[in-house]
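*Asks:* Residue numbers (the UniProt record's numbering): 1 to 486.
Quick one: the structure is below, questions incoming.
What follows is the structure, encoded as C-alpha cells:
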C-alpha cells in the first residue's frame, strides 16, 4: 500500500485517485483529506451497492480538461509516415449480380468439403459405373500442360513430366500380372529365409487369403474384405482396398467412374456387373505397396471418416468425377512404372519384340520363379511346350531366341533394391514425392481434354445427379448467403 492522506486507508485505486486529483484539482486536496475513506467493493453476498463518490470530486473529474496533441506535432508525425501505394489492378469486367456471383457458400460438415442435410431419408440403391476413355497424352498436350503449370503454379516441371509420362503406358493388366507373380516369388523366398529379404509385400495377407485371391473365391474374400457393402461391415472386414480402375482402350487409357451416393457390391450378387475380376484379384496381391494400401491418415482418423461418410454428400460434377477417377488411376500407373522400365531395358536387348511379347517373356520367367524354383537356383531355361503343359494352362512359352537368364536379370535389376540401412533386399515400392502436385497436374489434364472425351464425363455427371436424387428423394440444393452466417 502507498501513503495516502491522513486518516485514510489507501488502496491502489485510492492512490490513483489521489494522484489524479493532485494534478488536476489541487484545491480539493484538503477536502479529500477530510472525506471519509472509500468503502470496499461489495461482495457477491452483499446486495448493497457502493456509494457514489463525493459530488465535488465527480464534478472536478468531469470538468478537468484533457490535453490534446498539438496540431503541428500531429502533422509532423503524419508527414514522417511512409506512403503506402497499392499496385494497380487491371480493369475487370463487371460481373453479373447472380446468386453464384453474390458469394454463396454451402453447408459443409466440419473440416470436410461435403454438403449435408440432416435427417434425410435414404434409399438402398447400388452404385452405377462406366468405363470412359481419356485423351491420349501427345507431345503437344504434354507441352501445353507443363506450360500452364509453370505459369499458374509452382509445380516442378520434372515432376509434372514424370506424372504425364505415366499416362503414356499401355498393357496395364499384363504389367499388373507380372508384378503379382514376382511378389509371389518374393513371398516364397522370404518363407525360405533367403538373403534376409523383406520390404514391400511382406504382409500381403494370410495363406488362406492369398489362396482365395489366386482362385478368385469372392465368398472367402468377403470375410476379409468388405466386398458386399449391401450388408453391414463387420469388424474383421477391411473397408479400403484397391481395384484395377484403369485399362487399355482404343484411344489410350480408360478409367472407371462410379456414382457416389449408393452402396457397392463386388460379389456375384451385384446387379450392376461390378463383380471383382481376375485382374482386381491380382492387384489385391500388391496392396501392401504404399500407393495401394489404406493410408495412414485414414487409419488414424477412422472415427472421423465414419462420421463424414454417414452424412449426405452432394452429387459430383463432371470435373470431380474425372479427378477422383484419375487419382486412383495414376497410383496404379505409378505401380506399373518398374515393369515399363524393365520392358524398355529388355527391348534394347531384343528390339525385334514388341512390348506385349516382352511382357509375355517376363510373365513366363516370373511364373516359373513363383511356382517352385529354389532360392539361389540357376535361372529357368526357356519353357518348352511340354513344360508349359505340365505347368498348367496359365503358363506361357518364351518367345524363340529369348534367354530366360537375361529376362531374370532385368527383373532383378528393376524390381528389387537394397535397403540402405539394413542392407536387405526388398521389392521396389513406388511412390509420389508430392501428392498435391499430382492433383494439380490432373486438374490441368482436365483443362486440356478433348471435347469428345470431356463430354462423356459430363453425360455421366447427369447419371450421378439422377442416381443421387433416387437415393435421396428429399434432397434440396440449399446454399446459404454469407450474411446469414454471421
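Where a beta carbon is used, it is the ideal one built from N, C-alpha and C, also for glycine.
1. Less than 7 Å between C-beta atoms, sequence neighbours within five positions excluded: which residues of the same chain meet that for residue 281?
2. What did DSSP end up calling residue 271 once you bin it into helix, strand or coil?
3. In whole angstroms, what is the alpha-carbon distance linking residue 275 and residue 268?
4. With a threshold of 16 other CB atoms inside 10 Å of the CB of residue 419, please say whether the residue is buried or exposed.
5. According to DSSP, simplified to helix, strand and coil, what is residue 219?
6. Would you mind stating whether residue 428 and residue 351 have Cβ atoms separated by less than 9 Å?
7. Assuming residue 285 and residue 180 are in contact, meaning their beta carbons sit under 8 Å apart, how far apart are those beta carbons, in whole angstroms?
8. For residue 378 and residue 187, what's the separation of their Cα atoms in angstroms?
9. Sorted by chain position, which residues of the same chain lie with C-beta nearer than 7 Å to residue 170's C-beta, five sequence neighbours on each side aside?
10. Cβ of residue 325 within 9 Å of Cβ of residue 133?
11. Output the boundary residues of the beta strand (DSSP E) element that contains residue 248.
12. Going by beta-carbon coordinates alone, are residue 411 and residue 371 separated by less than 9 Å?
13. DSSP state of residue 394, grouped into three classes?
14. If you draw a straight line from the alpha carbon of residue 246 to that of residue 256, how long is it in whole angstroms?
15. May I have the straight-line CA-CA distance separating residue 238 from residue 224, to the nearest angstrom?
16. Return the bridge partner residues of residue 425 from the DSSP annotation.
17. How big is the Cα-Cα spacing for residue 335 and residue 416?
18. Which residue or residues does DSSP assign as beta-bridge partners of residue 129?
19. Which one of 474, 222, 345 and 211 has the shortest CA to CA distance from residue 414?
20. Helix, strand or coil for residue 253, going by three-state DSSP, please let me know.
21. Among residues of its own chain, excluding the 5 on either side of residue 470, which ones have a beta-carbon nearer than 7 Å to its beta-carbon?
22. Taking only runs that begin and end inside the segment 137-215, name each unbroken alpha helix (DSSP H) of 4 or more residues, in chain order.
23. Please report the straight-line C-alpha distance between residue 430 and residue 291, rounded to a whole angstrom.
24. Does the contact criterion of 3 or more C-beta pairs under 8 Å hold for the segment 400-410 versus the segment 436-456?
25. Examine the Cβ distances between the segment 147-161 and the segment 438-448 and report whether three or more of them are shorter than 8 Å.
26. My understanding is that residue 467 touches residue 128, with C-beta atoms under 8 Å, so please give their C-beta distance in whole angstroms.
27. Are the beta-carbon atoms of residue 160 and residue 441 separated by less than 9 Å?
28. Of the choices 79, 131 and 168, whose alpha-carbon is the least far from that of residue 141?
29. As a quick exercise: from 121, 313, 184 and 458, pick the residue whose alpha carbon is nearest that of residue 528.
30. Residues in its own chain within less than 7 Å of residue 321 by CB, not counting five upstream and five downstream?
31. Using DSSP bridges, identify the partner residues of residue 265.
32. Would you kindly work out how many angstroms separate the C-alpha atoms of residue 262 and residue 406, rounded to a whole number?
33. Nearest to residue 137 by CA position, among 73, 172, 78 and 165, is which residue?
34. So what does DSSP say about residue 237, is it helix, strand or coil?
35. What residue range is occupied by the uninterrupted alpha helix (DSSP H) comprising residue 350?
36. Go through its chain and collect everything with a Cβ distance to residue 157's Cβ below 8 Å, but skip five positions before and after it.
*Replies:* Concretely, from the data shown:
1. Residue mapping note: residue 281 aligns to position 281 of the chain shown, counting from 1. Excluding positions up to five away in sequence, the list reads 213 and 216.
2. Your numbering for residue 271 matches position 271 in the chain shown. Residue 271 falls in the coil class under three-state DSSP.
3. Position 275 of the chain shown, counted from the first residue, corresponds to residue 275. Position 268 of the chain shown, counted from the first residue, corresponds to residue 268. The straight-line gap from Cα to Cα measures roughly 6 Å.
4. As a first step, residue 419 is located in the chain shown; it is residue number 419 there, counting from the start. Answer is exposed; the Cβ neighbour count stays below 16.
5. As a working note, residue 219 is residue 219 in the chain shown. Per DSSP, reduced to three states, the secondary structure at residue 219 is helical.
6. Numbered from its first residue, the chain shown carries residue 428 at position 428. Numbered from its first residue, the chain shown carries residue 351 at position 351. Against a cut-off of 9 Å, the Cβ pair of residue 351 and residue 428 comes out as no contact.
7. As a first step, residue 285 is located in the chain shown; it is residue number 285 there, counting from the start. As a first step, residue 180 is located in the chain shown; it is residue number 180 there, counting from the start. Indeed they touch by this definition, with Cβ atoms about 5 Å apart.
8. Working through the chain shown from its first residue, we reach residue 378 at position 378. Working through the chain shown from its first residue, we reach residue 187 at position 187. Since pLDDT at residue 378 reaches only 38, below the 50 mark, its modelled position is unreliable, and no value is offered.
9. Locating residue 170 in the chain shown gives position 170, where the first residue counts as 1. Result list for residue 170: 248 and 355, in chain order.
10. As a position in the chain shown, residue 325 is number 325, starting the count at 1. As a position in the chain shown, residue 133 is number 133, starting the count at 1. No, the Cβ-Cβ distance between residue 325 and residue 133 is not below 9 Å.
11. Within the chain shown, numbered from 1, the residue matching residue 248 stands at position 248. Where residue 248 is concerned, the enclosing beta strand (DSSP E) stretches over 246-248.
12. For the purposes of this step, residue 411 is taken as the residue at position 411 of the chain shown. For the purposes of this step, residue 371 is taken as the residue at position 371 of the chain shown. Contact flag unset, no.
13. For the purposes of this step, residue 394 is taken as residue 394 along the chain shown, with counting starting at 1. In this predicted model, residue 394 has a pLDDT of only 47, less than 50, meaning its place in the structure is not dependable enough to derive any value.
14. For the purposes of this step, residue 246 is taken as the residue at position 246 of the chain shown. For the purposes of this step, residue 256 is taken as the residue at position 256 of the chain shown. Cα-Cα distance, rounded: 6 Å.
15. Here residue 238 is taken as the residue at index 238 of the chain shown, counted from 1. Here residue 224 is taken as the residue at index 224 of the chain shown, counted from 1. Taken atom to atom, the span from the alpha-carbon of residue 238 to that of residue 224 is near 6 Å.
16. Here residue 425 refers to the residue found at position 425 of the chain shown. In the DSSP output, where bridge partners are listed per residue, residue 425 has 418.
17. Taking the first residue of the chain shown as 1, we reach residue 335 at position 335. Taking the first residue of the chain shown as 1, we reach residue 416 at position 416. When rounded, the distance between both Cα atoms is 13 Å.
18. Start at 1 with the first residue of the chain shown, and residue 129 comes out as number 129. Looking at the DSSP output, residue 129 bridges to 258.
19. Along the chain shown, read from residue 1 onward, the residue named residue 414 stands at position 414. Distances from the alpha-carbon of residue 414 to those of 474, 222, 345 and 211 put 345 closest.
20. Walking along the chain shown from the start, residue 253 turns up at place 253. Shown here, residue 253 sits in a strand according to DSSP, grouped into three states.
21. Within the chain shown, the letter at position 470 stands for residue 470. 123 and 125.
22. List check, alpha helix (DSSP H) in window: 139-152, 157-166, 172-191 and 207-215.
23. Here residue 430 refers to the residue found at position 430 when the chain shown is read from its first residue. Here residue 291 refers to the residue found at position 291 when the chain shown is read from its first residue. Roughly 7 Å separates the two Cα atoms.
24. Contact between the segment 400-410 and the segment 436-456 is absent, with fewer than three C-beta pairs closer than 8 Å.
25. Output reads yes: the segment 438-448 touches the segment 147-161.
26. Here residue 467 corresponds to residue number 467 of the chain shown, with the count starting at 1. Here residue 128 corresponds to residue number 128 of the chain shown, with the count starting at 1. About 6 Å separates the two Cβ atoms, so the contact holds.
27. Within the chain shown, residue 160 is the residue found at index 160, counting from 1. Within the chain shown, residue 441 is the residue found at index 441, counting from 1. Contact check for residue 160 against residue 441 passes: the beta carbons are separated by less than 9 Å.
28. Counted from its first residue, the chain shown places residue 141 at position 141. Considering only 79, 131 and 168, the residue with the shortest C-alpha distance to residue 141 is 168.
29. Outside the displayed span of the chain (1 to 486) sits residue 528, for which this structure offers no information.
30. For the purposes of this step, residue 321 is identified with residue 321 of the chain shown, where counting begins at 1. 257, 457, 460, 461 and 464, listed in sequence order.
31. Indexing the chain shown from 1 puts residue 265 at position 265. Beta-bridge pairing links residue 265 to 228.
32. In the chain shown, counting from the first residue as 1, residue 262 sits at position 262. In the chain shown, counting from the first residue as 1, residue 406 sits at position 406. Going from the Cα of residue 262 to the Cα of residue 406 covers about 50 Å.
33. Within the chain shown, the letter at position 137 stands for residue 137. Checking every option, the nearest Cα to that of residue 137 belongs to 165.
34. The residue you call residue 237 lines up with position 237 of the chain shown. Secondary structure of residue 237 (DSSP, three-state): coil.
35. Indexing the chain shown from 1 puts residue 350 at position 350. From DSSP, residue 350 is part of no alpha helix (DSSP H); its letter is neither H nor E.
36. Taking the chain shown and counting its residues from 1, one reaches residue 157 at position 157. Within the same chain, residue 157 has close Cβ partners 146, 149 and 150.
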